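If you read the sequence shown in full-length UniProt numbering, its first letter stands for residue 4, the second for the next number, and so on. Here is the structure we will look at, set down as structure tokens.
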Amino acid sequence: TSSTSSTCSTTASNIKSMCVVGAGQMGIGIGLVAARVAKLNVQFIDSSPVQLEKGLAFLDKLLIKDVNKGRCTEDERAEAKSRISTVSSISEMASADFVIEAVSENPELKLKIFSELSEKLSGDTILATNTSSISITKIASAARRPENVIGMHFMNPVPVMKLVEVIPGLQTSRETLDITLELAKRMGKVTTMSQDVPGFIANRLLMPYINEAVIALQEGIATKEDIDTTMKLGTNNPMGPLTLADFIGLDTCLAIMKVLHSELGDSKYRPAVLLQKYVDAGWLGVKTGRGIYDYH
Ligand code: CAA
Numbered sequence: 004t005s006s007t008s009s010t011c012s013t014t015a016s017n018i019k020s021m022c023v024v025g026a027g028q029m030g031i032g033i034g035l036v037a038a039r040v041a042k043l044n045v046q047f048i049d050s051s052p053v054q055l056e057k058g059l060a061f062l063d064k065l066l067i068k069d070v071n072k073g074r075c076t077e078d079e080r081a082e083a084k085s086r087i088s089t090v091s092s093i094s095e096m097a098s099a100d101f102v103i104e105a106v107s108e109n110p111e112l113k114l115k116i117f118s119e120l121s122e123k124l125s126g127d128t129i130l131a132t133n134t135s136s137i138s139i140t141k142i143a144s145a146a147r148r149p150e151n152v153i154g155m156h157f158m159n160p161v162p163v164m165k166l167v168e169v170i171p172g173l174q175t176s177r178e179t180l181d182i183t184l185e186l187a188k189r190m191g192k193v194t195t196m197s198q199d200v201p202g203f204i205a206n207r208l209l210m211p212y213i214n215e216a217v218i219a220l221q222e223g224i225a226t227k228e229d230i231d232t233t234m235k236l237g238t239n240n241p242m243g244p245l246t247l248a249d250f251i252g253l254d255t256c257l258a259i260m261k262v263l264h265s266e267l268g269d270s271k272y273r274p275a276v277l278l279q280k281y282v283d284a285g286w287l288g289v290k291t292g293r294g295i296y297d298y299h
């Protein structure tokens, strides 16, 4: 509807610039899609120069592959690339119409970032978080205008996965929600909407499934290969649950299970002992070369 107040005329179609806080796997994927598909100017912020460099190298690789696969022309690649810039802190950033925070799942860090963003930016900027399990309402409490804060949860790998879960917090305005849904569409994504509850929809269902697969392994019900093959070929999933857990990161899976367990208080969300053990050993999955499987 167009019954919004006359003081604010922002719509997703006049969003021209995006700032992505955090140049990790998720942040880079989001920025890439924003620059190439939605044709936005994208600014990455990361306090680690090493991470920025690594992230940009990954982004370049993905863009070159897009050309090789015919998803864009060489000119479009160069154009997308020219729309991308980096800075190392929020204080150095230029203004942006839309911000997506994609740093690690650390509540204190996210609250600090939202407070700093509020100080730096004009009132109209929408501040979205890519959190997978932290309360949007809580993150919004650190912002000057909680009505402009929203959850925008992308799936990994962002350029490939079609879905974005959109999560309004308790104070999110209808306008913020509408603009976010429309922007996700401009980025070529399909949206679903969830209440602001632990795990939203995707992780509320996915993580107990992965956790149960680790329990099945722990109990010796079957080998890891047979657990994965059963679910991959038996229920038509692109990956079995244990392979998927390694792909997501066992630390991330464990952290989300802990949030479900502590916030919902139900023993059915208790993390598998074996999952905790692997994380304690530093076996975090593909990213460390060893998880449930050995990638060396
Ligand atoms: N970044 C960008 N692109 C990637 C990628 C990455 N990290 N990993 C794979 N891809 C691309 C590949 O490059 C390939 O692209 P092309 O078509 O251009 O070649 C494409 O994905 C398909 O890859 P492959 O052909 O190598 O292999 P595949 O067909 O087995 O697909 C997969 C790989 C897309 C990852 C597929 O296995 C899959 O869909 N797995 C399930 C992923 C999933 O469930 N993700 C959600 C995780 S949960 C989450 O994200 C929420 C959370 O909060 C934890």
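Where is the CB? At the ideal position from N, CA and C, for every residue including glycine. Note that the structure is predicted; figures quoted are calculated from it, not measured.
Residue i classed as buried or exposed, judged by whether at least 16 other C-beta atoms fall within 10 angstroms
{"i": "serine 136", "result": "buried"}
{"i": "threonine 76", "result": "exposed"}
{"i": "arginine 39", "result": "buried"}
{"i": "lysine 165", "result": "exposed"}
{"i": "threonine 4", "result": "Its pLDDT being 39, under 50, threonine 4 is placed unreliably in this model, and the coordinates cannot settle the point."}
{"i": "glutamine 198", "result": "exposed"}
{"i": "glutamine 221", "result": "exposed"}
{"i": "proline 274", "result": "buried"}
{"i": "proline 241", "result": "exposed"}
{"i": "aspartate 100", "result": "buried"}
{"i": "valine 169", "result": "buried"}
{"i": "isoleucine 213", "result": "buried"}
{"i": "glutamate 104", "result": "buried"}
{"i": "glycine 191", "result": "exposed"}
{"i": "isoleucine 224", "result": "exposed"}
{"i": "residue 349", "result": "Residue 349 lies beyond the residue range present for the chain, which begins at 4 and ends at 299; the question has no answer from this structure."}
{"i": "serine 9", "result": "Residue placement at serine 9 is flagged as unreliable, the pLDDT there being 39, under the threshold of 50; the coordinate-derived value follows with that caveat. It counts as exposed."}
{"i": "lysine 19", "result": "exposed"}
{"i": "alanine 83", "result": "buried"}
{"i": "proline 149", "result": "buried"}
{"i": "isoleucine 259", "result": "buried"}
Span of the alpha helix (DSSP H) around residue i
{"i": "proline 211", "result": "205-221"}
{"i": "isoleucine 251", "result": "244-251"}
{"i": "isoleucine 142", "result": "139-143"}
{"i": "proline 110", "result": "110-123"}
{"i": "aspartate 269", "result": "First-last for aspartate 269: undefined, no H or E at that position."}
{"i": "lysine 188", "result": "177-189"}
Beta-ladder partner(s) of residue i, from DSSP
{"i": "glycine 154", "result": "Thr132 and Ile170"}
{"i": "threonine 232", "result": "Answer is none; threonine 232 lacks a bridge partner."}
{"i": "aspartate 297", "result": "Arg293"}
{"i": "glutamate 104", "result": "Val24 and Thr132"}
{"i": "threonine 89", "result": "Phe47"}
Residue i beta carbon near the ligand CAA (any heavy atom closer than 6 Å)
{"i": "valine 289", "result": "no"}
{"i": "methionine 158", "result": "yes"}
{"i": "valine 217", "result": "no"}
{"i": "asparagine 214", "result": "no"}
{"i": "isoleucine 251", "result": "yes"}
{"i": "valine 70", "result": "no"}
{"i": "serine 135", "result": "yes"}
{"i": "methionine 242", "result": "yes"}
{"i": "proline 171", "result": "no"}
{"i": "valine 163", "result": "yes"}
{"i": "asparagine 206", "result": "yes"}
Helix, strand or coil at residue i according to DSSP, with G and I counted as helix
{"i": "lysine 19", "result": "coil"}
{"i": "serine 6", "result": "With a pLDDT of 42 at serine 6, under the threshold of 50, the modelled position of that residue is not reliable, and the figure given next carries that caveat. Coil."}
{"i": "glycine 285", "result": "coil"}
{"i": "serine 197", "result": "coil"}
{"i": "lysine 227", "result": "helix"}
{"i": "valine 276", "result": "helix"}
{"i": "proline 149", "result": "helix"}
{"i": "asparagine 240", "result": "coil"}
{"i": "aspartate 78", "result": "helix"}
{"i": "asparagine 71", "result": "helix"}
{"i": "lysine 84", "result": "helix"}
{"i": "valine 40", "result": "coil"}
{"i": "threonine 14", "result": "coil"}
{"i": "glycine 34", "result": "helix"}
{"i": "residue 3", "result": "No answer is possible for residue 3: it lies beyond the span of the chain, which begins at 4 and ends at 299."}
{"i": "alanine 97", "result": "coil"}
{"i": "aspartate 127", "result": "coil"}
{"i": "proline 162", "result": "coil"}
Host beta strand (DSSP E) of residue i (start-end)
{"i": "glutamine 46", "result": "44-48"}
Beta carbon proximity, residue i to chain B, threshold 7 Å
{"i": "lysine 57", "result": "No chain B is present in this structure, which holds just one protein chain."}
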